[in-house]
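**Student:** Dropping the structure in here first, questions after.
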Amino acid sequence: MLRSLSLTARVKLGLAAAGIGLGVAAPYIFDRFVIGLISLALIAGLFAQSIDLLGGYAGLITLGHAGVSGTAAYGVGYMASKAGAGFTAQIAVGFLAGMTAALIFGVMAMRSDGVYFIMVTLAQGMIVWGLSIRLFRITGAENGLTGIPRPPAVELYWQYYYLTLVVVVLCWALLGIVVNSPFGTSLKGLRESETRMRMLGYNTTGQKLYVFLIAGFFATVSGILLVYLNGFISPSTVILAASAIGVLEAILGGIGTLVGPMIGAFIIVFVQNVVSIYVSRWPTLMGTLFIVVVLFARRGLVGAISDGWNKWLHRNDAPVSQEPVLTSSNRTAGP
Amino acid sequence: MRRIRFVILISIMAMVAAACSAPDAGDDTTTTAAATATTSGSVDATTTTAGAAETTEAMAEGCDEPIRVGVLQPLTGGLAASGTDAKDGFELYWANHSTEIAGCTVEFRVEDTGGNPDTALQKVDELVQNYGAQIIVGELLANVTFALADRLKDNEDVIFMSPIGSADDMTQRNPFPNFIRAGGWTSSQTSHVLGQWAFDNGYTDVASMCTDYAFGWEMCGGFTQVFTEAGGTVAASEQLWNPLGSTDLGTYVTQLSGFDPDAVFVLQVGASVSDFFQNWSDFGLKEQIPILAGEVTADVSNIRNVPVDQVEGLISSGHWAEGRDAPETQEFVELFDAATGRLPSYYAAATWTAAQYIDETIQAMNGDLSDKAAALETMKGLELLTPFGPSVLDDYGNPIYDIYIRQVVVRDDGRVWNVVIDTYNDIDQFWPKSADEYLQQPVYSREFQGNAGG
Amino acid sequence: MTTAVAPILHVDDVTVRFGGVTAVSGVSLQVERGARWAVIGPNGAGKTTLFKTISGEVHPTTGRVHLFGADTSRSTPYKNAQSGLGRTYQVTELFQALTVEENLSIAAQARARSRFACWRPLRIKGWIDERITSVLDQLHLSAERHTVVSELSHGEQRQLEIALALATEPEILLLDEPAAGLSAAERRLMRDLVEGLSRDLTIVLIEHDMEIALELVDHVLVLDNGQVIAEGDPESIRADDRVQAVYLRSD
Ligand SMILES: Nc1ncnc2c1ncn2[C@@H]1O[C@H](COP(=O)(O)OP(=O)(O)O)[C@@H](O)[C@H]1O
Ligand SMILES: [Mg+2]
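Quick mapping for you: the protein sequence lines, in order, are chains A, B and C. Residues 1 to 335 (this note's numbering) are what the first sequence spells out, left to right. Residues 336 to 789 (this note's numbering) are what the second sequence spells out, left to right. Residues 790 to 1040 (this note's numbering) are what the third sequence spells out, left to right.
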């Protein structure tokens, strides 16, 4: 069975297996600090993947996505810390809050594209942030909400890590199905030409709302995972930078892929939390890394690696000859 | 079209990146000392080596292990300047005091939070679990301080000191067992006094303009409640709230002048401070309506960025007054100025004082901090003379200080600072009420300003 | 009222103004099912605008458009496409980063319920595969099935333009200058391709090149400055002095 696969597919499969193996073994290898970081990176990665579903696949770049995940997190936080509700109610309200935000934002944004889409989502993120510092009875203003314990079964750091790992891998798989589905393929069409999509018979407005809701679902999951990881939620989770870093992670790793945003998230989380212990100019380092990627690897690290890999695979091939075209003068302009 | 999108995206990213790497107050020491300062990190290179040598020399008998302190401050991002002041204050203390105490060595490490709770929570795990910190000295943002307090609350092996983060409820309605505000303050504590002072000095009708977030509500509420309960008036319609981070305050300033008040209570932070004073003087109001400023607005870290003529004479209240004429204050001010070239802000005074509390507690416990509950009790029992003046702690772990009415004056060297023009002695966080009475009321918010006039 | 004899497309005294510019002025036409029409005229005559009005991309300022017997004057492109309208673009409008197959599978599913399915992988099997294969065959693109569109030659991209529209199985097809930017040899190829399309398909063709246009159709509409200056079968158009004058002027 394995033999029928191409070398590339086998390497990918091997890497995935190694990744999951390492993920399972991690608590036996690393200390609590590193496990906490991996948990955070997995959650950030899921968040970035959900941004990439919009930006990388559908061409809808959002700068307000933390408004969705943050609203879900606040839903959980409010139920835990202010309403004193049980875990089922906390999570249910978290989902409801996140998906309601996604629905409202989706309806607001579905008629715009390009720069306007960026601007609308930016404004949405700012609204959530504004509410988070104003509605102190619900959000605790910038003091935030404390007293959000984890469910007893996943109370310990390594238990919660495993929960996070399972949920994130599951979501990753689901996202994989979505992007390879008929709908996922049509998202790429939306990214490439909305005009054409409409003319083919796609209701692109509805398509945008639909993908916004799907992305909102995964953002909601990441927000709920985050609030239980930290046991805390405050306006920092919904500031512009939180959304922008998600976009940055996707670009760094490689947009239009699912593994890219995850890699980007691991890099940024580790730079922010580990490299910053040793290098005080870590934001400069991060900025430089980002600029280098944008300038020299437009498709992010994953793009660069896969290009390198393909080059290596075909190192012995003859130079690729251009397919003969119909005629050579076919680029002359019309009459 | 897609190219435009790309360019816009990149410029936004660049802005974010630039904001993240805001310059840190223009001194190189911060960058080099920031990260891995182990033993006694310090303010300039020469003392670093001296301090290090000193600690390796004498490994104490009383302790098998050094007593480790983890310091978490925002050293990058928008709050880098304040966080750096805080770091420098802490390091300066240990550069001028022995880290050998009662046979034990004190070590500390300063970590950057970037002002972000996610990062702070990761770093505090690192400091407690890997570095072995027994004391954490925490952040300046309310949300980060809350996040850390919540994370550390069940850890009986750690004391969490918050000399800067001042959210009222942390020592009032939402206390944490191992949390102590030695060297710190509550936001409304200093405003209470300004309310009383304003009434005592003949103001009867005051308007306010505060930043619309919890710190602004608490600062403003402290003033409003005491002032109106004393007999003054703050009409609810004359309380203006501007969004956090706004830098176009002209319309608010026009509105304020329209109220024609006796004075205006003002609480602004960050970039809004200089914008406010610019507008205030552009509209020619400086000579017409006196400003009573909340502590942070008139802090030296803010007013040094404002043209001198716009702030000279500004009245405010505070637990910190760098121009206070007392040896315990001026020794610190001169040391800090010599080391950094800046007059110390309350951030710097706070962490210096936290270090002083750590020092004195270790001495009082004779080097044995194993029982953290006992150490907390000991710390609460200390009576210290700090750069703030005399300091004791109340039952909730919040300091009882002398609170100063301050005025901005220009020093001989041309720099501005706050000198003391009046002092209210022994002010706790509930003054002038009792704790029991005070805790009946909700925490200050935009809706609840304690306004006796309704 | 829809009757069995209603024309598939009826443009009724349509005027389109953009601010001060009148792009289409009082144009009427009735296309019967299975007919082949050409709209010709010099650059800027209003041909593309007329197409956009029919497709729903632009709404007429005055006048009405009826498609398949229903008033579609205020309809949208996607609704018109769903009811069986296909349209190609004068300036190539393809999914450049995707393969030919992906392009066509998006088009093939455009009118199927499965376009909403996000819970199962896209499998290019069964009817989708058949349709893609047949369209590729028809347009001589079979060899390029797995090529990324941006790597196709301009001529192939023009062919794919038509393939995309055909993959939705339209009943009426609007072709906006399919030979735009092609060399003489390629134009002949394109001419043959259009000629070979199913006779069941109603076609309206915009073509700047009068010769090609007249060979392909049985009815011609000539626009100049947004106005119809002539209408009729190819023979009468060829003989029309005003048409000759317009074409001489523009060349
Ligand atoms: N969106 C628009 N806004 C303003 N003017 C337009 C617009 N679209 C087309 N026009 C004008 O309408 C006229 C007809 O254009 P068009 O229909 O593209 O002509 P053709 O396809 O016959 O070359 C031209 O003068 C053109 O400049
Ligand atoms: Mg045209």
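Glycine included, C-beta positions come from ideal geometry on N, C-alpha and C. These numbers come from a predicted model, not from an experiment.
Does the Cβ-Cβ distance between A899(C) and G1015(C) come in under 8 Å?
**Tutor:** Here residue 899(C) refers to the residue found at position 110 when the third sequence is read from its first residue. Here residue 1015(C) refers to the residue found at position 226 when the third sequence is read from its first residue. No, they are not a contact pair.
**Student:** Could you tell me how far apart the beta carbons of L627(B) and L487(B) are, in whole angstroms, since I believe they sit closer than 8 Å?
**Tutor:** Here the question's residue 627(B) lines up with position 292 in the second sequence. Here the question's residue 487(B) lines up with position 152 in the second sequence. 36 Å between Cβ atoms; not a contact.
**Student:** Can you pull every residue whose C-beta falls closer than 6 Å to some heavy atom of ligand 2, listed in chain order?
**Tutor:** K836(C), T837(C) and Q879(C)
**Student:** Can you pull out the residues from the region 33 to 47 of chain A whose beta carbon lies closer than 7 Å to at least one beta carbon of chain B?
**Tutor:** F33, G36, L37 and L40
**Student:** Could you work out which residues of chain C lie near G287(A), taking near to mean beta carbons separated by less than 8 Å?
**Tutor:** For the purposes of this step, residue 287(A) is identified with residue 287 of the first sequence, where counting begins at 1. The contacting residues do not exist; G287(A) stays about 28 Å from chain C at best.
**Student:** Given that a residue counts as buried once 16 or more other Cβ atoms are within 10 Å of its Cβ, and exposed if not, what is Q524(B)?
**Tutor:** Locating residue 524(B) in the second sequence gives position 189, where the first residue counts as 1. It counts as buried.
**Student:** Who are the near neighbours of P767(B) in its chain, counting only those whose CB is closer than 8 Å to its CB and skipping five residues on each side?
**Tutor:** As a first step, residue 767(B) is located in the second sequence; it is residue number 432 there, counting from the start. Counting only Cβ-Cβ distances below 8 Å, and skipping sequence neighbours, we find H527, Q531 and V561.
**Student:** Please list the residues of the region 192 to 219 of chain A that have a C-beta atom closer than 8 Å to any C-beta atom in chain C, keeping them in chain order.
**Tutor:** E192, S193, T195, R196, M197, R198, M199, L200, G201, Y202, N203, T204, Y210 and I214
**Student:** Run through chain B and tell me which residues come within less than 9 Å of I138(A), C-beta to C-beta.
**Tutor:** As a working note, residue 138(A) is residue 138 in the first sequence. Chain B residues near I138(A): none, gap ~12 Å exceeds 9 Å.
**Student:** To the nearest angstrom, how far is the alpha carbon of A369(B) from that of Y681(B)?
**Tutor:** Here the question's residue 369(B) lines up with position 34 in the second sequence. Here the question's residue 681(B) lines up with position 346 in the second sequence. Summary for A369(B): the model assigns pLDDT 34, below 50, so the residue's position carries little reliability; its value from the coordinates is reported in the next sentence. Cα to Cα, the separation comes out at about 20 Å.
**Student:** Output yes if chain A places a C-beta closer than 8 Å to the C-beta of D504(B); else output no.
**Tutor:** Reading the second sequence from its first residue, position 169 is the one you call residue 504(B). So, interface residue.
**Student:** Would you say the beta carbon of V259(A) is closer than 7 Å to some non-hydrogen atom of ligand 1?
**Tutor:** Here residue 259(A) corresponds to residue number 259 of the first sequence, with the count starting at 1. No, since every heavy atom of ligand 1 falls outside the 7 Å radius drawn around the Cβ of V259(A).
**Student:** Quick one: grab the DSSP three-state call for C555(B).
**Tutor:** Translated into the one-based positions of the second sequence, residue 555(B) becomes position 220. It is helical.
**Student:** Cβ atoms of G467(B) and R508(B): under 8 Å apart, would you say?
**Tutor:** For the purposes of this step, residue 508(B) is identified with residue 173 of the second sequence, where counting begins at 1. For the purposes of this step, residue 467(B) is identified with residue 132 of the second sequence, where counting begins at 1. Their beta carbons are not under 8 Å apart, which means R508(B) does not touch G467(B) by this criterion.
**Student:** Does the distance from the CB of E1004(C) to the CB of V1011(C) come in under 8 Å?
**Tutor:** Along the third sequence, one-based indexing puts residue 1004(C) at 215. Along the third sequence, one-based indexing puts residue 1011(C) at 222. Their beta carbons are not under 8 Å apart, which means E1004(C) does not touch V1011(C) by this criterion.
**Student:** Suppose the cutoff is 6 Å on Cβ atoms and the five residues either side in sequence are ignored; what does the same chain contact list for D503(B) look like?
**Tutor:** Translated into the one-based positions of the second sequence, residue 503(B) becomes position 168. Excluding residues within five positions, the ones whose Cβ falls inside 6 Å are T521, S522, S523, E553 and V778.
**Student:** Can you list, in chain order, the residues of the region 455 to 482 of chain B whose Cβ is nearer than 7 Å to any Cβ on chain A?
**Tutor:** L456, Q457, K458, D460, E461, Q464, N465, A477, N478, F481 and A482
**Student:** Tell me whether V810(C), by its Cβ, gets closer than 7 Å to a heavy atom of ligand 1.
**Tutor:** Reading the third sequence from its first residue, position 21 is the one you call residue 810(C). Checking the Cβ of V810(C) against ligand 1 gives yes.
**Student:** Find the nearest neighbour of A906(C) within the set G184(A), L156(A) and L165(A), judged by alpha-carbon distance.
**Tutor:** Taking the third sequence and counting its residues from 1, the one referred to as residue 906(C) is at position 117. Residue G184(A) is the option with its Cα nearest to A906(C).
**Student:** If you check the beta carbons only, do Q645(B) and S616(B) fall under 8 Å apart?
**Tutor:** Mapped onto the second sequence, residue 645(B) falls at position 310. Mapped onto the second sequence, residue 616(B) falls at position 281. Their beta carbons are under 8 Å apart, which means Q645(B) touches S616(B) by this criterion.
**Student:** Does any heavy atom of ligand 1 sit closer than 7 Å to the C-beta of F760(C)?
**Tutor:** Given a span of 790 to 1040 for chain C in the structure shown, any question on residue 760(C) remains unanswerable.
**Student:** Specify, as a first and last residue, the run of the alpha helix (DSSP H) that S616(B) falls within.
**Tutor:** Position 281 of the second sequence, counted from the start, is the residue given in the question as residue 616(B). Residues A606 to D617.
**Student:** With 8 Å as the limit, tell me which residues of the region 410 to 422 of chain B have their beta carbon closer than that to any beta carbon of chain A; keep them in chain order.
**Tutor:** L410, T411 and G412
**Student:** Within 10 Å of its beta-carbon, does T586(B) have 16 or more other beta-carbons around it, so buried, or fewer, so exposed?
**Tutor:** If you number the second sequence from 1, residue 586(B) lands on position 251. Exposed, because fewer than 16 other Cβ atoms sit within 10 Å of the Cβ of T586(B).
**Student:** Say the cut is 7 Å; is the CB of G970(C) nearer than that to a heavy atom of ligand 1?
**Tutor:** Numbered from its first residue, the third sequence carries residue 970(C) at position 181. Not so, every heavy atom of ligand 1 lies at least 7 Å from the Cβ.
**Student:** For L990(C) versus N892(C), is the C-beta distance shorter than 8 Å?
**Tutor:** On the third sequence, position 201 is the one that residue 990(C) refers to. On the third sequence, position 103 is the one that residue 892(C) refers to. No, the Cβ-Cβ distance between L990(C) and N892(C) is not below 8 Å.
**Student:** The alpha helix (DSSP H) with S523(B) in it runs from where to where?
**Tutor:** In the second sequence, the residue the question calls residue 523(B) occupies position 188. Per DSSP, S523(B) belongs to the alpha helix (DSSP H) from S522 to D535.
**Student:** Can you pull the chain C neighbours of N180(A), defined as C-beta to C-beta under 7 Å?
**Tutor:** For this step, residue 180(A) is matched to residue 180 along the first sequence. Here the neighbours are P910 and L911.
**Student:** Specify, as a first and last residue, the run of the beta strand (DSSP E) that Q742(B) falls within.
**Tutor:** Position 407 of the second sequence, counted from the start, is the residue given in the question as residue 742(B). Q742(B) -> beta strand (DSSP E) spans P734 to V745.
**Student:** What residues from the region 759 to 774 of chain B come within 8 Å of chain A, judged by C-beta to C-beta, listed N to C?
**Tutor:** none
**Student:** Closer than 9 Å by beta-carbon distance: list the chain C residues that pair up with F280(A), in chain order.
**Tutor:** Here residue 280(A) corresponds to residue number 280 of the first sequence, with the count starting at 1. Strictly speaking, residue 280(A) in this sequence is Ser, with Phe absent from that position. The premise fails here: S280(A) is roughly 41 Å from chain C at the closest Cβ pair, so nothing lies under 9 Å.
**Student:** Is DSSP giving Q322(A) helix, strand or coil here?
**Tutor:** In the first sequence, the residue the question calls residue 322(A) occupies position 322. Summary for Q322(A): the model assigns pLDDT 45, below 50, so the residue's position carries little reliability; its value from the coordinates is reported in the next sentence. The answer is coil: DSSP assigns Q322(A) none of H, G, I, E or B.
**Student:** Residues in its own chain within less than 6 Å of I650(B) by CB, not counting five upstream and five downstream?
**Tutor:** In the second sequence, residue 650(B) corresponds to position 315, counting from 1. Around I650(B): L627 and Q742.
**Student:** With the cut-off set at 8 Å, would you say A477(B) and P452(B) are in Cβ contact?
**Tutor:** Here residue 477(B) refers to the residue found at position 142 of the second sequence. Here residue 452(B) refers to the residue found at position 117 of the second sequence. No; because the gap between Cβ atoms is not below 8 Å, this pair is not in contact.
**Student:** Taking the beta carbon of M394(B) as the centre, do at least 16 other beta carbons fall within 10 Å, making it buried, or is it exposed?
**Tutor:** For the purposes of this step, residue 394(B) is identified with residue 59 of the second sequence, where counting begins at 1. Its pLDDT being 44, under 50, M394(B) is placed unreliably by the model, and nothing is read from it.
**Student:** Is the shortest distance between the beta-carbon of A571(B) and the beta-carbons of chain A less than 8 Å?
**Tutor:** Along the second sequence, read from residue 1 onward, the residue named residue 571(B) stands at position 236. Judged by the 8 Å Cβ criterion, A571(B) is not in contact with chain A.
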